[in-house]
Amino acid sequence: MALSLRRSAIASGVAVSIATSFVPPLCGLCAADDTTEIGYRAANQIEAYYDTNLDESVVDDRLDVEITYGRLSAGAVLLSHSASNPLLSDPNLYGADFHGVRKRWVEGTYLPITARVGDSDATFSNGLVLRIYEDQTVDFDNSVDGCRVRVDLDRLSLEGIAGTNSFGEPRSNVKGLAATYDVGGGWTAGVHGALVDLLDANGPLPGRDDLAGVATTGVLPADVTLTAEYAIHRVRLERPGEPDPADGHGAYAALTGSRGPLSLLLEAKDFLRFRHAYAIPPTAVRQHATPLLNRGSHVPNIRMDDERGFQAEAVATIHPDFRVTGNYSASEARHADLPAEEIYADLDAAWAGSHWILRADRAEETVREGDHRTLYERATFGGNWLRVFRSFSAEIAYETQGILEQNLARASFEPAREYRDHVASITVGMAPTHSWSATLEWTDNERAVKDSWLWIEWGVRLGVLGNLTLGGGSVRGGTVCSGGVCKVVAPFDGGRVELLTNF
Amino acid sequence: MRTNPADRRAVRRPCSWLPRAVVASLIAGLFIGSLATRAAGEDRIKASDFTAKDLTGAKVDLSDLLKQGPVLIDFFTTCCQPCQRALPELDRLDRTYRDRGFRVIAISQDDPKTAQKVKPFVQSRGFGMIVIADPKKEIGNAYHVRQIPTAFLIDRDGSVVHFAQGYVPGDDAKWEELLKGLLAPQGSSEAGSNPDESGGR
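Chains as they are written, first to last, in our numbering: chain Z, 160 to 662; chain B, 16 to 216.
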């Protein structure tokens, strides 16, 4: 197999092969020989939508290209984003026009060293000290423009990153270094450090964040896996005559294990004055897959300034076709009465030739909104039914959520608002090529813009090439969370076409 | 964060460019893709090789597994409903055809926030296939995973013979049909390496 396919680093990529004789060696690092090939891979995502309410049409075209030759690779992300009316549209909803190179980098591997220049990312342990990454599912990207170096020795791994944030505000300069040592016996220990200098003098916290942390992971007796991390956060305001805030800290620990039919997960977190530009630590809150539960998640309200809490989840596999999951999470603040609590259970079973899922969830949290606190109580029930027939499959899903909303500052004279949201969907699939779905959402919330939303979608697989999706109708929008990062999706009425290609 | 607000243009343009832009983008994407593969004289996309550790700590090398037989790579997350339906079917394929050299590698795309759930998730379902946690999405990025789940069926020579984004119940039947073609006896391996054209046999 070609050298470019055999690179030991896992992020290599090769899509096509071109005869070596046409390609002279680029430099000594390339290590070209008779089997060296130019590697090329690319993916293209075209998304076009038309909003009937705003009379707004948008076309997004994102092309990811990476070329490898021997030990070298270079990549770029080209983006073309066109909004038909940048004056009328809200850039926060649809983004402003952009045409050009969004990201680019060059990477060289000369084992055990891998060096990258350009847009770079790095995650130290669980992300307490530093988490720089891109998540396309929620349009999140906090990559830095700079350089990254990794050294992977037999038992010791070193990683360093330095750069300026490519996207988002405020502008900041980050420098980070991490070392992880394989202690043996399945245990690793690591130390991490980062310095974040805010370049925008008018930013919310001008000055510098100093971070230092330790982390370990390993297997305890009874095959229980432990992951733990602790970090200190120091803010230097660099304002003459003004004292720096007290030091903060972030802590995270998780235990996972399995005994017989029971699998357990325990997570704990403790954040105090731990807000900084690159802190995206584990949330210790259940991440849900259904729209209403995900929309009402505590994740967007996690307080990095002051929150501690835990999550416990148990999965009991009573029979291979019958599984029960239970989850409880709770958190509180030290300096304010802002509790959050959630209890969740689901039953997942194959019965009578169909696949059934039933869910129940109750959540209660107090959120600071402006100068007052608001209590939200949510009770959610739902389920899925799926059956595979000879030539097609059918799935029906339904979810309903009752919400009580109480402004605690006005509780003595203003009654709580109560309303209920519903989502129902039906999906028909004809594997492996076609799928159709219709999703209806309705609410009796008087403050909602509309009382019902209907979205119809058709998906087509284009063989090895990619996927085409056509959709139309209206979407309620709301908070979409992925991996603890949430994004507010705009309400949308209109049509949408998406084509994903890999080549 | 999709674009830089400084690039806003205060010019209203008609919508008539929309169809042209869509068509041009479509053509450009498809043309470049097909041109590149044809220039190489190959019909199939090559899979990116990787080396990683599975949940048990064992080393997994894709090229080593491909020496034994075809491999199906499935990218999933623990909180993705279609993934939860696809994985048991893929595990069934792994158990059924393992003795003929075929393996399934399930690669979790759970990031550090939910990565701790992967092991209990796998243990509670008793999966026997290879499961890798890829919290930094290094393998996922190498395969340009944009949707979860995404699956690639890779032949022994490293070429991607089929891939699918999303899971439609019944997809596993298609996978199995293609797989049987790849697992054909040595004498007919040439036809078997291109199951799309041979109808999967």
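All residues carry an ideal CB built from backbone N, CA and C; glycine is no exception. Since the model is a prediction, treat every value here as computed from it, not as a measurement.
Item, Value
"Listing by chain order, which chain B residues have their CB less than 7 Å from the CB of Pro441 of chain Z?", "Pro127 and Lys128"
"Can you tell me whether Trp614 of chain Z is buried or exposed, with buried defined as 16 or more other CB within 10 angstroms of its CB?", "buried"
"Near Ile60 of chain B, which residues of its chain fall below 6 Å by C-beta distance, leaving aside the five closest residues on each side in sequence?", "Val175"
"Could you tell me the distance, in whole angstroms, from the CA atom of Ala427 of chain Z to the CA atom of Glu215 of chain Z?", "45 Å"
"Just curious, the beta strand (DSSP E) that Asp505 of chain Z is in, first and last residue?", "Ala499 to Trp510"
"Under a three-way DSSP split, which group does Glu153 of chain B fall into?", "helix"
"Assuming Phe283 of chain Z and Gly335 of chain Z form a contact by the criterion Cβ under 8 Å, report the distance between their Cβ atoms to the nearest whole angstrom.", "7 Å"
"Skipping 5 residues on each side, what residues in its chain have a beta carbon closer than 6 Å to that of Asp429 of chain Z?", "Ala410 and Arg467"
"Which two residues bound the contiguous beta strand (DSSP E) that contains Glu536 of chain Z?", "His531 to Val547"
"Could you give the C-beta distance for Asp369 of chain Z and Leu379 of chain Z, rounded to a whole number, given that I count them as a contact under 8 Å?", "In fact, because the Cβ distance is near 32 Å, the residues do not count as touching under 8 Å."
"Within 10 angstroms of the Cβ of Leu87 of chain B, are there 16 or more other Cβ atoms? Answer buried if so, exposed if not.", "buried"
"Does any C-beta atom of chain Z lie closer than 7 Å to the C-beta of Ser139 of chain B?", "yes"
"For the alpha helix (DSSP H) holding Ala188 of chain B, just list the boundary residues, first then last.", "Asp186 to Leu197"
"Within 7 Å (strictly less), CB to CB, does Asp186 of chain B reach chain Z?", "yes"
"Taking only beta carbons into account, state which residues of the segment 170-198 of chain B come closer than 9 Å to chain Z, listed in chain order.", "Asp172, Gly173, Val175, Val176, His177, Phe178, Ala179, Gln180, Gly181, Tyr182, Val183, Pro184, Gly185, Asp186, Asp187, Ala188, Lys189 and Trp190"
"Between Asp401 of chain Z and Gly366 of chain Z, is the Cβ-Cβ spacing less than 7 Å?", "Note that residue 401 of chain Z corresponds to Glu in the displayed sequence, not to Asp. Not closer than 7 Å, so no."
"Closer than 9 Å, Cβ to Cβ, to anything on chain Z: give me those residues from the segment 60-71 of chain B, in chain order.", "Ile60, Lys61, Ala62, Ser63, Asp64, Phe65, Thr66 and Ala67"
"Do we get a CB-CB distance below 7 Å when we pair Pro450 of chain Z with the residues of chain B?", "no"
"Going by alpha carbons, who is nearest to Val665 of chain Z out of Z:Asn332, Z:Ile391 and Z:Gly343?", "There is no way to answer for residue 665 of chain Z, as the model of chain Z reaches only from 160 to 662."
"Please confirm if Pro183 of chain Z has its CB atom under 7 Å from at least one CB of chain B.", "With a pLDDT of only 34 at Pro183 of chain Z, under 50, the local geometry of the prediction cannot be trusted, and the value read off the model is given with reservation. Answer no: the Cβ-Cβ gap between Pro183 of chain Z and chain B never drops below 7 Å."
"Give the residues of chain Z in contact with Gln83 of chain B, contact being defined as C-beta atoms less than 8 Å apart.", "Going along chain Z, no residue has its Cβ under 8 Å from Gln83 of chain B, so there is no contact; the nearest lies around 14 Å."
"Using CA atoms only, rank isn't needed, just tell me which of Z:Asp464, Z:Gly416 and Z:Pro450 is closest to Ala436 of chain Z.", "Z:Asp464"
"Between Z:Val342, Z:Asp341 and Z:Thr323, which has its C-alpha nearest Leu357 of chain Z's C-alpha?", "Z:Thr323"
"Under 7 Å, Cβ to Cβ, is there at least one residue of chain Z near Cys98 of chain B?", "no"
"At a CB distance below 9 Å, what residues from the segment 145-158 of chain B approach chain Z? Give them in sequence order.", "Asp149, Pro150, Lys151, Lys152, Glu153, Ile154, Asn156, Ala157 and Tyr158"
"Between which two residues does the alpha helix (DSSP H) harbouring Tyr208 of chain Z extend?", "Premise fails: Tyr208 of chain Z lies in the beta strand (DSSP E), Ile197 to Asp210, not in any alpha helix (DSSP H)."
"Could you tell me the boundaries of the alpha helix (DSSP H) in which Ser139 of chain B lies?", "Val133 to Arg140"
"Got a sec? Which residues, its chain only, sit under 6 Å from Phe136 of chain B by beta carbon, not counting five neighbours each side?", "Thr93"
"Per DSSP, Tyr228 of chain Z is paired with what?", "Z:Ile197 and Z:Leu231"
"Please list the partners that Ala338 of chain Z has in chain B, where partner means a Cβ-to-Cβ separation under 7 Å.", "Near Ala338 of chain Z there are no residues of chain B at all, since even the closest Cβ is about 17 Å away, more than 7 Å."
"For the candidate residues B:Tyr112, B:Thr129, B:Asp76 and B:Ala179, whose alpha-carbon lies nearest to that of Ala197 of chain B?", "The amino acid occupying residue 197 of chain B in the given sequence is Leu; Ala does not appear at that position. When each option's Cα is compared against that of Leu197 of chain B, the closest is B:Tyr112."
"According to DSSP, Ser316 of chain Z sits in a beta bridge with which residue or residues?", "Z:Asp311 and Z:Thr339"
"By DSSP's criteria, Lys68 of chain B is part of a beta bridge. Which residues make up the other side?", "B:Lys74"
"What does His478 of chain Z pair with, by DSSP beta-bridge criteria?", "Z:Phe481"
"Using CA coordinates, which residue listed in Z:Val303, Z:Ser241 and Z:Ala242 is at the minimum distance from Arg263 of chain Z?", "Z:Val303"
"Whole angstroms is fine: what's the gap from Asp187 of chain B's alpha carbon to Leu545 of chain Z's?", "15 Å"
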